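Using the numbering used here, read the sequence shown as starting at 1 and increasing by one per residue.
Glycine residues also receive a C-beta, built at the ideal position from the N, C-alpha and C atoms.
Given the structure is predicted, the values throughout are model-derived calculations rather than measurements.
Here is the structure we will look at.
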Amino acid sequence: MYTAILCREKLANALGEVNTATPAPAPAQPGAVTLPGHDTALGPTARGTRQALDASRAMPYAFLHHQRKPMHSPSKRQQILRPNEIRRNNRAVVLRMLRHSSRLSRAEIARGSGLSEGTVSRIVADLVEDSLVVEDGAENSTGGRPGKCLQLAQDRFGIGVNIETWETRFSVANMPGRIVESKAVRTSPNPDRTLEVIAEQFRAYQAQYGADRLEGLGVTARGIVDSHLGVVKMGNDPRWRRVPVRETLRRKLGVRVDVENNARAAALAEYHYTNPDLHACRCVLFVMVTDGFGVGIILDGRLYTGPHMAAGEFGQMVVADVGDSEPHDRRGCLEQLVSNQAICARYAALTSDSAATTSGDYAARVRRICQAAIDGDPIAHEALRETARYLGLGIANLMWGLDPDAVILWSTMDLVWPMLLPLIQQQLPDLGHGPSFRSVQIRLSMLGEQCAAVGAATLPFSPLFNAGESARTPDAAVRPIERQDRKTYARSHRLSTGSPRP
1 MYTAILCREK LANALGEVNT ATPAPAPAQP GAVTLPGHDT ALGPTARGTR
51 QALDASRAMP YAFLHHQRKP MHSPSKRQQI LRPNEIRRNN RAVVLRMLRH
101 SSRLSRAEIA RGSGLSEGTV SRIVADLVED SLVVEDGAEN STGGRPGKCL
151 QLAQDRFGIG VNIETWETRF SVANMPGRIV ESKAVRTSPN PDRTLEVIAE
201 QFRAYQAQYG ADRLEGLGVT ARGIVDSHLG VVKMGNDPRW RRVPVRETLR
251 RKLGVRVDVE NNARAAALAE YHYTNPDLHA CRCVLFVMVT DGFGVGIILD
301 GRLYTGPHMA AGEFGQMVVA DVGDSEPHDR RGCLEQLVSN QAICARYAAL
351 TSDSAATTSG DYAARVRRIC QAAIDGDPIA HEALRETARY LGLGIANLMW
401 GLDPDAVILW STMDLVWPML LPLIQQQLPD LGHGPSFRSV QIRLSMLGEQ
451 CAAVGAATLP FSPLFNAGES ARTPDAAVRP IERQDRKTYA RSHRLSTGSP
501 RP
């Protein structure tokens, strides 16, 4: 829309005219609207028409410039929620409160959420009917009628699969995040065979627990994982490149499948299912050191993945000019210096035991090295000290770059954590004139070695806690692909096969 700015005197001066007499205004028509600051009246039938233009041309007026008035379009945040969306959001609020606090009464939920007690009662009744929440005894009360406590249902399960180099671990977790069953099998070098094994085991869990009690399947893997498309873009093995995990498993099983990087999934599990004090932190880093080195980044309560789904791949950060360049690792990168393979290689170099570096279950070997250090083996102690020094350098770089409130660590070296922590802290900057990172909380994961398992198995519950509604589709095995998923499937297929866009 343009606003015409009219000025008679300036135009006359520009044309060199000296006549400043004001012409008689045109007579106003009945019902005309007079524009403020103008001599012309526009009738209801003449606005924006030739008559109005002729009237303006008859007088020494002209358009000097146009001032654009940009049209305002409301942002997405200003969109009004519909009643059913409000209901789902309120359900999600109640479910998240129960996830964080385990047991709450209706009155406590109302006080903590700001919702009215009537609204909370209706939401709870809805959740109980959907078998998502159960009543659990009476609330401790000092007076009056005690209220009944509520907790998340423990008979709804998610299946988690954590794919590692040596083994693939299956886990079954309930809504409160407790692992009720787990097993491990050797990881096949063939990705297609690995996915077939996952599908077979999921069918076995369906027969064991009942398909109506399983919320879905969560799969985690090392490397760059596109959680939006469900594609392992670059795994720890060259054969795990552009593998469409979600598409393949959904076609085989017809259930919800979530795919995520293992460190990011573990970060979510630690944040949501352990100490609630983490929710007061603006930046939480979850550092996972196993056969690789990965970091899950929680910023303001949300998982940060980056535009290319590669956020947290700090294992490629170079911290020393040592080692050899490898096909998938940069020379002197953190993963080459602190991973399980690096610890085994360091111990083998000190003992001249070449058998310690052969491929296999590196995690089990690292645990034996840790136990040897506890038993007083000086060589094992030295190998772990050198590893801790490099790990401290890496964590210090993370602190400089991301300024975290807390750093949570999970490593195969957890047995010797009391020895590792002081060595790590020695590498942290403590400048008298700058920030002191030695006050930052650094601790082991409260979930321990189950952190990745809990992270994978609780991924299927994300729609419940985020949107208040289950994403289960009981008839998904026989119905066509959902319309909104077709583009996703097509894109993941192109990524996996390298075929051009049609």
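Considering only C-alpha positions, which residue in the set 115, 408, 425 is nearest to residue 269? To locate residue 269, count along the sequence shown from 1; it is residue 269. Cα-wise, what sits closest to residue 269 is 408.
Cutting at 6 Å between CB atoms, please list the residues of its own chain near residue 110, excluding the five before and the five after it. Position 110 of the sequence shown, counted from the start, is the residue given in the question as residue 110. Counting only Cβ-Cβ distances below 6 Å, and skipping sequence neighbours, we find 117, 120.
Whole-angstrom Cβ separation of residue 158 and residue 230, contact assumed at under 8 Å? For the purposes of this step, residue 158 is taken as the residue at position 158 of the sequence shown. For the purposes of this step, residue 230 is taken as the residue at position 230 of the sequence shown. Wrong, their Cβ atoms sit about 16 Å apart, outside the cutoff.
With a threshold of 16 other CB atoms inside 10 Å of the CB of residue 365, please say whether the residue is buried or exposed. As a first step, residue 365 must be located in the sequence shown, where it is residue number 365. It counts as buried.
Would you call the CB atoms of residue 113 and residue 148 closer than 8 Å? For this step, residue 113 is matched to residue 113 along the sequence shown. For this step, residue 148 is matched to residue 148 along the sequence shown. Cβ distance not < 8 Å, so residue 113 and residue 148 don't count as in contact.
4 or more residues per run - each alpha helix (DSSP H) lying fully within the stretch 423-466: 451-457
Tell me, please, which residues DSSP counts as bridged to residue 234. Reading the sequence shown from its first residue, position 234 is the one you call residue 234. According to DSSP, residue 234 bridges with 224, 241.
Taking 6 Å as the limit between beta carbons, can you name the residues of its chain near residue 428, skipping five residues before and five after? As a position in the sequence shown, residue 428 is number 428, starting the count at 1. Counting only Cβ-Cβ distances below 6 Å, and skipping sequence neighbours, we find 396, 437, 438.
Rounded straight-line distance, which links the Cα of residue 316 to that of residue 237: By 1-based counting over the sequence shown, the position of residue 237 is 237. By 1-based counting over the sequence shown, the position of residue 316 is 316. Going from the Cα of residue 237 to the Cα of residue 316 covers about 15 Å.
Which word fits residue 260, buried or exposed, when buried means at least 16 other C-beta atoms lie within 10 angstroms of its C-beta? Looking up residue 260 in the sequence shown gives position 260. The residue is buried, with at least 16 neighbouring Cβ atoms inside 10 Å.
Rounded to whole angstroms, what's the CA-CA distance from residue 403 to residue 162? Just pull it up for me. For this step, residue 403 is matched to residue 403 along the sequence shown. For this step, residue 162 is matched to residue 162 along the sequence shown. One C-alpha to the other measures close to 29 Å.
Environment of residue 184 [buried if 16+ CB atoms lie within 10 Å]: Counting from one through the sequence shown, the residue named residue 184 turns up at place 184. Under this definition residue 184 is an exposed residue.
Taking the CB atoms as reference points, tell me whether residue 266 and residue 312 lie closer together than 8 Å. Here residue 266 corresponds to residue number 266 of the sequence shown, with the count starting at 1. Here residue 312 corresponds to residue number 312 of the sequence shown, with the count starting at 1. No, they are not a contact pair.
Cα-Cα separation between residue 46 and residue 466, rounded to whole angstroms: Your numbering for residue 46 matches position 46 in the sequence shown. Your numbering for residue 466 matches position 466 in the sequence shown. Its pLDDT being 43, under 50, residue 46 is placed unreliably by the model, and nothing is read from it.
Leaving out five residues before and five after residue 471 in sequence, what residues of the same chain have Cβ atoms less than 6 Å from its Cβ? On the sequence shown, position 471 is the one that residue 471 refers to. The answer, listed in chain order, is 256, 463.
Look up residue 229 in the DSSP assignment and say whether it is helix, strand or coil. For the purposes of this step, residue 229 is identified with residue 229 of the sequence shown, where counting begins at 1. Residue 229 falls in the coil class under three-state DSSP.
DSSP state of residue 416, grouped into three classes? In the sequence shown, residue 416 corresponds to position 416, counting from 1. Helix.
Tell me which residues share the same chain as residue 303 and place their Cβ nearer than 8 Å to its Cβ, disregarding the 5 neighbours each side in the sequence. Taking the first residue of the sequence shown as 1, we reach residue 303 at position 303. So the list reads 264, 267, 268, 296, 297, once near-sequence residues are dropped.
Using beta-carbon positions only, say whether residue 284 and residue 271 come within less than 8 Å of one another. Your numbering for residue 284 matches position 284 in the sequence shown. Your numbering for residue 271 matches position 271 in the sequence shown. Cβ distance < 8 Å, so residue 284 and residue 271 count as in contact.
Tell me whether residue 292 sits in a helix, a strand or coil according to DSSP, three-state version. Within the sequence shown, the letter at position 292 stands for residue 292. In the structure shown, residue 292 sits in coil (DSSP, three-state: anything other than H, G, I, E or B).
Which residue marks the beginning of the beta strand (DSSP E) containing residue 160, and which one marks its end? Here residue 160 corresponds to residue number 160 of the sequence shown, with the count starting at 1. That run of the beta strand (DSSP E) goes 157-163.
Are residue 227 and residue 293 close, meaning C-beta to C-beta below 8 Å? By 1-based counting over the sequence shown, the position of residue 227 is 227. By 1-based counting over the sequence shown, the position of residue 293 is 293. Not closer than 8 Å, so no.
In this structure, does DSSP put residue 136 in helix, strand or coil? The residue labelled residue 136 in the question sits at position 136 within the sequence shown. Reduced to three states, the DSSP call for residue 136 is strand.
For the stretch 328-413, which segments carrying the alpha helix (DSSP H) assignment without a break, of at least 4 residues, lie completely within its bounds, in sequence order? Restricting attention to alpha helix (DSSP H) runs no shorter than 4 residues, the stretch 328-413 encloses them at 334-338, 340-351, 362-374, 378-402, ordered along the chain.
Rounded to whole angstroms, what is the Cα-Cα separation between residue 281 and residue 399? Translated into the one-based positions of the sequence shown, residue 281 becomes position 281. Translated into the one-based positions of the sequence shown, residue 399 becomes position 399. Residue 281 and residue 399: Cα-Cα distance of roughly 14 Å.
Is DSSP giving residue 121 helix, strand or coil here? Numbered from its first residue, the sequence shown carries residue 121 at position 121. DSSP, read as helix, strand or coil, puts residue 121 in helix.
Residue 103: which of 90, 83, 133, 123 sits nearest, CA to CA? Here residue 103 refers to the residue found at position 103 when the sequence shown is read from its first residue. Of the listed residues, the one whose Cα sits closest to residue 103 is 133.
Three-state secondary structure assigned by DSSP to residue 184: Taking the sequence shown and counting its residues from 1, one reaches residue 184 at position 184. Residue state, collapsed to three classes: strand.
Report yes or no: is there a C-beta of chain C within less than 8 Å of the C-beta of residue 270? Considering every chain present, this structure includes no chain C. It has just one protein chain.
Residue 80 (DSSP reduced to helix, strand or coil): For the purposes of this step, residue 80 is identified with residue 80 of the sequence shown, where counting begins at 1. Looking at residue 80 - three-state DSSP - the assignment turns out to be coil, as it is neither helix nor strand.
With distances taken from CA atoms, which of 222, 318, 390 is nearest residue 505? There is no way to answer for residue 505, as the model of the chain reaches only from 1 to 502.
Alpha carbon to alpha carbon, how far is residue 377 from residue 383? What you label residue 377 is simply residue 377 of the sequence shown in a count that begins at 1. What you label residue 383 is simply residue 383 of the sequence shown in a count that begins at 1. Computed Cα separation, rounded: 10 Å.
What runs of the beta strand (DSSP E), each 3 residues or longer, lie entirely inside the stretch 250-323? 257-261, 283-289, 293-299, 302-304
Going by DSSP in three states, residue 471 sits in which element: helix, strand or coil? As a working mapping, residue 471 is identified with position 471 in the sequence shown. It is coil, neither helix nor strand.
Tell me where the beta strand (DSSP E) around residue 150 begins and ends. Residue mapping note: residue 150 aligns to position 150 of the sequence shown, counting from 1. Per DSSP, residue 150 belongs to the beta strand (DSSP E) from 148-152.
What does DSSP give as the partner residues of residue 169 in its beta bridges? By one-based count along the sequence shown, residue 169 stands at place 169. Note: residue 169 sits in a beta bridge opposite 162, 184.
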